[in-house]
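> I am attaching a structure below and will ask some questions about it afterwards.
Protein chains: 2
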Amino acid sequence: MNDFTFFNPTRIEFGVDKEQRIGQHLAEHGIKKVLLCYGSERIKREGLFAVVSQRLSENGIEWVELGGIVSNPVISKVREGIALAKQHQVDAILSVGGGSVLDSAKAIAAGVCYAGDVWDLFVGKASVDSALPLFAILTLAATGSEMNPGAVVTNEDTRQKFFISSPALFPKVSIVNPALMRSVSRDYLVYSASDVIAHLIEVYFTAAVHPKLQSRLVESLICTVIETTEALLENPNDDDARAQFAWAATLALNGLTSSGTAGFSFPNHAIEHSLSALFNVPHGAGLSVVMPAWMKWFQKRNPEPFKRFAGEVFGVITAADGIAALEKWFNKIGTPTRLSQLGIQESDLPTIVDNVQGNVRIFGIAEVYTPEAVSAILKNAL
Amino acid sequence: MNDFTFFNPTRIEFGVDKEQRIGQHLAEHGIKKVLLCYGSERIKREGLFAVVSQRLSENGIEWVELGGIVSNPVISKVREGIALAKQHQVDAILSVGGGSVLDSAKAIAAGVCYAGDVWDLFVGKASVDSALPLFAILTLAATGSEMNPGAVVTNEDTRQKFFISSPALFPKVSIVNPALMRSVSRDYLVYSASDVIAHLIEVYFTAAVHPKLQSRLVESLICTVIETTEALLENPNDDDARAQFAWAATLALNGLTSSGTAGFSFPNHAIEHSLSALFNVPHGAGLSVVMPAWMKWFQKRNPEPFKRFAGEVFGVITAADGIAALEKWFNKIGTPTRLSQLGIQESDLPTIVDNVQGNVRIFGIAEVYTPEAVSAILKNAL
Numbered sequence: 001m002n003d004f005t006f007f008n009p010t011r012i013e014f015g016v017d018k019e020q021r022i023g024q025h026l027a028e029h030g031i032k033k034v035l036l037c038y039g040s041e042r043i044k045r046e047g048l049f050a051v052v053s054q055r056l057s058e059n060g061i062e063w064v065e066l067g068g069i070v071s072n073p074v075i076s077k078v079r080e081g082i083a084l085a086k087q088h089q090v091d092a093i094l095s096v097g098g099g100s101v102l103d104s105a106k107a108i109a110a111g112v113c114y115a116g117d118v119w120d121l122f123v124g125k126a127s128v129d130s131a132l133p134l135f136a137i138l139t140l141a142a143t144g145s146e147m148n149p150g151a152v153v154t155n156e157d158t159r160q161k162f163f164i165s166s167p168a169l170f171p172k173v174s175i176v177n178p179a180l181m182r183s184v185s186r187d188y189l190v191y192s193a194s195d196v197i198a199h200l201i202e203v204y205f206t207a208a209v210h211p212k213l214q215s216r217l218v219e220s221l222i223c224t225v226i227e228t229t230e231a232l233l234e235n236p237n238d239d240d241a242r243a244q245f246a247w248a249a250t251l252a253l254n255g256l257t258s259s260g261t262a263g264f265s266f267p268n269h270a271i272e273h274s275l276s277a278l279f280n281v282p283h284g285a286g287l288s289v290v291m292p293a294w295m296k297w298f299q300k301r302n303p304e305p306f307k308r309f310a311g312e313v314f315g316v317i318t319a320a321d322g323i324a325a326l327e328k329w330f331n332k333i334g335t336p337t338r339l340s341q342l343g344i345q346e347s348d349l350p351t352i353v354d355n356v357q358g359n360v361r362i363f364g365i366a367e368v369y370t371p372e373a374v375s376a377i378l379k380n381a382l
Numbered sequence: 001m002n003d004f005t006f007f008n009p010t011r012i013e014f015g016v017d018k019e020q021r022i023g024q025h026l027a028e029h030g031i032k033k034v035l036l037c038y039g040s041e042r043i044k045r046e047g048l049f050a051v052v053s054q055r056l057s058e059n060g061i062e063w064v065e066l067g068g069i070v071s072n073p074v075i076s077k078v079r080e081g082i083a084l085a086k087q088h089q090v091d092a093i094l095s096v097g098g099g100s101v102l103d104s105a106k107a108i109a110a111g112v113c114y115a116g117d118v119w120d121l122f123v124g125k126a127s128v129d130s131a132l133p134l135f136a137i138l139t140l141a142a143t144g145s146e147m148n149p150g151a152v153v154t155n156e157d158t159r160q161k162f163f164i165s166s167p168a169l170f171p172k173v174s175i176v177n178p179a180l181m182r183s184v185s186r187d188y189l190v191y192s193a194s195d196v197i198a199h200l201i202e203v204y205f206t207a208a209v210h211p212k213l214q215s216r217l218v219e220s221l222i223c224t225v226i227e228t229t230e231a232l233l234e235n236p237n238d239d240d241a242r243a244q245f246a247w248a249a250t251l252a253l254n255g256l257t258s259s260g261t262a263g264f265s266f267p268n269h270a271i272e273h274s275l276s277a278l279f280n281v282p283h284g285a286g287l288s289v290v291m292p293a294w295m296k297w298f299q300k301r302n303p304e305p306f307k308r309f310a311g312e313v314f315g316v317i318t319a320a321d322g323i324a325a326l327e328k329w330f331n332k333i334g335t336p337t338r339l340s341q342l343g344i345q346e347s348d349l350p351t352i353v354d355n356v357q358g359n360v361r362i363f364g365i366a367e368v369y370t371p372e373a374v375s376a377i378l379k380n381a382l
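Listed below in structure tokens is the structure:
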């Protein structure tokens with residue numbers, strides 16, 4: 001077991017009607033005016049916006065709206081948010097939406113406190129030293145952003161999907177009410193399952209040190225994601241399954257499962273970020289394509305966790321059978337496993353491989369993930 | 001899955017030599033003078049005290065010593081600490097020791113900020129609204145106090161072992177260096193294993209709502225405790241086993257495993273606290289006596305988790321076999337399972353039963369744990 005620091009000061013308010021107290025949470029932190037970030041008009045149609053605005057008003061909190069944040073959120077929108085936040089001198093950012101809205105909110109929170117252009121923070125020209133306080137109401141469980149200090153945003157000009165991370169970006173309070181996720185589409189449910197599993201397997205498979213305790217926690221979470229996804233596909237009104245899915249998604253990337261591990265990396269994310277940046281595919285859909293392809297390529301480099309995964313998660317013997325079982329499960333739930341399902345052709349590979357090189361440098365794994373290696377991985381997904 | 005709040009702002013600094021940075025951690029929090037709490041002279045003999053005092057000096061931090069805190073810590077010592085802290089106007093409490101030292105430190109931190117007698121906070125006459133900031137260097141992994149807001153102290157006059165809990169009592173920073181635990185005796189290792197398992201099974205067995213995700217996390221932790229205890233009994237220098245044991249102990253009572261559960265209680269602790277209060281038995285030793293006795297009495301009231309426990313932890317079929325397997329394992333590692341091993345006779349039962357009534361009131365379970373019920377449970381341990 002390796003040395004580590006575990007620090008996660010986010011307060012999770014989990015359950016029915018928890019969004020009704022958003023005004024109090026903001027007031028308790030002394031907030032007077034927020035930038036209210038959201039994505040589609042769905043939150044207005046479904047009444048959540050009305051609830052939030054009412055609770056803000058009741059607590060004497062003003063707000064400025066930034067709607068229209070898209071999946072695979074883009075840096076131009078973040079810049080728009082920073083300008084709005086500065087113009088109206090808000091003292092906090094409130095995200096109402098899924099991971100894309102929250103990641104944009106985080107980038108805005110950091111960008112407001114940085115004198116230069118916010119993209120500098122993503123390319124390592126400057127570090128995120130401070131940020132406006134962040135609050136979140138989650139409407140999609142997948143990215144874990146509600147309880148972690150990271151954010152991923154795409155620069156649509158440079159076609160780079162990069163990340164920032166800083167203790168300043170832990171949300172103060174994140175409200176996770178599974179009932180607000182009932183209207184998530186079938187597609188986004190299965191993409192979310194893929195995303196959560198990706199968060200869990202990156203460290204599990206790549207770590208040079210992965211204590212058995214941590215392996216067990218990961219397996220517990222993966223089995224929960226598999227079971228609850230199947231339950232929700234059968235019955236979208238299974239609130240208990242939705243709740244366990246959501247809590248598993250939060251725990252999958254809040255620092256718990258990587259504590260005490262060492263020598264890990266995020267190759268699946270590094271590769272997938274290029275698919276999203278270049279072809280705007282949903283992150284989870286890209287990941288379910290990349291994961292089996294990467295696993296087939298990587299398994300011999302760290303055989304022990306692959307063997308363990310096969311047995312503990314799918315009850316099969318060999319590493320190859322474990323990988324096949326995961327791919328089969330992705331096919332079963334209907335998240336893609338082939339590049340062609342994303343509309344990507346073999347002729348696109350050189351462009352992807354080239355784009356991935358920027359990501360693997362950012363992730364610090366360029367030595368292993370050479371163009372040849374990435375090409376070999378992607379060919380497994382043709 | 002039930003609604004819940006998860007909030008745990010303690011920073012865990014886990015690993016080799018982490019205590020070397022204690023001065024910086026205190027300085028970063030603006031601390032100028034601490035009450036340095038510890039138990040036996042062992043930390044002086046083994047050099048830890050010298051390290052801590054040097055690091056404090058280097059960071060310009062003064063200290064006042066409060067040594068001699070005993071297992072099953074007593075309220076008179078807490079009062080002594082409060083007086084010292086007030087006299088020297090310390091601005092934080094630093095605990096160097098195990099759970100007893102840390103729980104005393106927490107009670108002192110709360111007592112300094114309370115105008116009346118500190119015991120009022122334990123009997124519900126007043127609530128813990130504020131406390132001096134707390135810092136800990138852990139030398140024994142068992143109670144989980146390093147990452148939770150609770151503390152248990154015995155009033156030696158009234159023979160009551162009661163608890164306090166408040167968000168103000170989360171340590172700011174807890175240093176968990178497994179190497180500092182190498183000198184823990186064989187006895188205290190197995191008592192600690194019993195204590196951690198007790199923390200894990202209370203909610204697991206008593207909850208009316210216990211989501212499968214949470215059950216899996218508990219089972220992962222119990223299996224880890226069992227394996228690492230056996231590894232450490234075989235080889236006390238197995239640093240990796242000691243590290244996983246310590247991290248499991250922290251996770252067992254930091255709010256993770258009870259999130260989303262409902263309708264649970266702490267009957268084993270309520271009963272054991274009387275054994276400690278009356279006979280000064282080690283907490284973990286008392287718990288390994290109480291647990292199998294209580295399980296035999298309770299299993300029919302909530303059969304499902306008992307059946308699950310049998311299969312998932314011990315690979316046996318029936319609830320009764322699962323309970324027998326745990327008792328057998330306690331016997332194997334050498335922590336007691338009979339009252340007689342604690343020097344307690346059948347003739348002592350009425351006194352214990354009477355004392356337990358105070359605890360079950362505090363724990364809010366007096367209706368179920370009548371004198372007759374407690375007597376029946378204890379008779380299972382004769």
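Taken in sequence, the protein lines are chains A and B. In this text, residue positions in the first sequence follow the UniProt record's numbering: the first is 1, and each later residue adds one. In this text, residue positions in the second sequence follow the UniProt record's numbering: the first is 1, and each later residue adds one. In this text, a Cβ means the ideal position worked out from N, Cα and C, and glycines have one as well. Computed from a prediction, not measured in an experiment: that's the story for all the values here.
1) Would residue 64 of chain B and residue 36 of chain B be called neighbours here (beta carbons separated by less than 9 Å)?
2) Identify whether residue 125 of chain A lies in helix, strand or coil by the three-state DSSP scheme.
3) Please list, in chain order, the residues of the stretch 217–229 of chain B that have any C-beta partner in chain A closer than 9 Å.
4) Residue 223 of chain A bridges to which residues according to DSSP?
5) Can you find at least 3 beta carbon pairs, one from the stretch 235–254 of chain B and one from the stretch 196–206 of chain B, that sit closer than 8 Å?
6) Excluding the five sequence neighbours on either side, which residues of its own chain have a C-beta within less than 7 Å of the C-beta of residue 312 of chain A, listed in chain order?
7) Which residue's Cα is closest to the Cα of residue 6 of chain B: B:30, B:210 and B:260?
8) Going by C-alpha to C-alpha distance, which of A:175, A:26, A:147 and A:349 sits closest to residue 58 of chain A?
9) Contact between the stretch 222–239 of chain B and the stretch 235–248 of chain A is defined here as three or more beta-carbon pairs at a separation below 8 Å; is this criterion met?
10) Tell me the DSSP bridge mates of residue 160 of chain B?
11) Among residues of its own chain, excluding the 5 on either side of residue 383 of chain A, which ones have a beta-carbon nearer than 7 Å to its beta-carbon?
12) Which term fits residue 358 of chain A, buried or exposed, when burial requires 16 or more other beta carbons within 10 angstroms of its beta carbon?
13) For a contact meaning CB atoms closer than 8 Å, what does residue 13 of chain A contact in chain B?
14) Would a C-beta distance cut-off of 9 Å place residue 265 of chain A and residue 337 of chain A closer than the cut-off?
15) For residue 14 of chain B versus residue 243 of chain B, is the C-beta distance shorter than 9 Å?
16) By Cβ distance, which residues of its chain are closer than 8 Å to residue 89 of chain B, with the 5 residues on each side in sequence left out?
17) Do residue 138 of chain B and residue 109 of chain B have their C-beta atoms closer together than 9 Å?
18) Classify residue 55 of chain B: buried if its beta carbon has 16 or more other beta carbons within 10 angstroms, exposed otherwise.
19) For residue 408 of chain A, would you say it is in contact with chain B, using Cβ-to-Cβ distances shorter than 9 Å as the test?
20) Using 8 Å as the threshold, is the stretch 368–381 of chain A in touch with the stretch 316–325 of chain A, meaning 3 or more CB pairs across them?
21) Starting from the C-beta of residue 121 of chain B, find all residues in its chain whose C-beta is less than 8 Å away, skip the five residues before and the five after it, and write them out in chain order.
22) Note down the Cα distance separating residue 29 of chain A from residue 172 of chain B, rounded to an integer number of angstroms.
23) Name the DSSP bridge partner or partners of residue 8 of chain B?
24) Got a sec: which bits of the stretch 258–270 of chain B sit with their beta carbon under 9 Å from any beta carbon on chain A, in order along the chain?
25) Rounded to a whole number of angstroms, what is the C-alpha to C-alpha distance between residue 245 of chain B and residue 131 of chain A?
26) Whose Cβ in chain A lies nearer than 7 Å to the Cβ of residue 292 of chain B?
27) Report yes if the CB atom of residue 31 of chain A is closer than 9 Å to the CB atom of residue 4 of chain B, and no otherwise.
28) How many Å lie between residue 177 of chain B and residue 332 of chain B at the Cα?
29) Could you spell out where the alpha helix (DSSP H) holding residue 365 of chain A opens and where it closes?
30) What are the residues of the stretch 9–35 of chain B that lie near chain A, defined by any Cβ-Cβ distance shorter than 9 Å?
31) Which residues of the stretch 331–362 of chain A have a Cβ closer than 9 Å to any Cβ of chain B? Give them in chain order.
32) Scan the stretch 152–174 of chain B for residues whose Cβ lies nearer than 7 Å to a Cβ of chain A and list them as they occur along the chain.
33) What is the rounded straight-line gap between the Cα of residue 22 of chain B and the Cα of residue 67 of chain B?
34) Please list the terminal residues of the continuous beta strand (DSSP E) segment that includes residue 65 of chain A.
35) Using the C-alpha atoms, what's the distance from residue 307 of chain A back to residue 71 of chain A?
36) Could you check the C-alpha separation between residue 170 of chain A and residue 62 of chain A for me, to the nearest Å?
The short version:
1) yes
2) coil
3) 217, 219, 220, 221, 223, 224, 227 and 228
4) Note: residue 223 of chain A sits in no beta bridge, so no partner.
5) yes
6) 219
7) B:260
8) A:26
9) no
10) B:155
11) This structure leaves residue 383 of chain A out entirely; chain A is present only between 1 and 382.
12) buried
13) 5
14) no
15) yes
16) 33
17) no
18) buried
19) Residue 408 of chain A falls outside the range modelled here, since chain A spans only 1 to 382, and no answer is possible.
20) no
21) 107, 110, 111, 114, 127, 128 and 164
22) 19 Å
23) A:8
24) 259 and 260
25) 37 Å
26) Chain A residues near residue 292 of chain B: none, gap ~24 Å exceeds 7 Å.
27) no
28) 27 Å
29) Element bounds for residue 365 of chain A: n/a, residue is neither H nor E.
30) 9, 10, 11, 12, 13, 14, 15, 16, 17 and 18
31) none
32) none
33) 19 Å
34) 62–66
35) 35 Å
36) 23 Å
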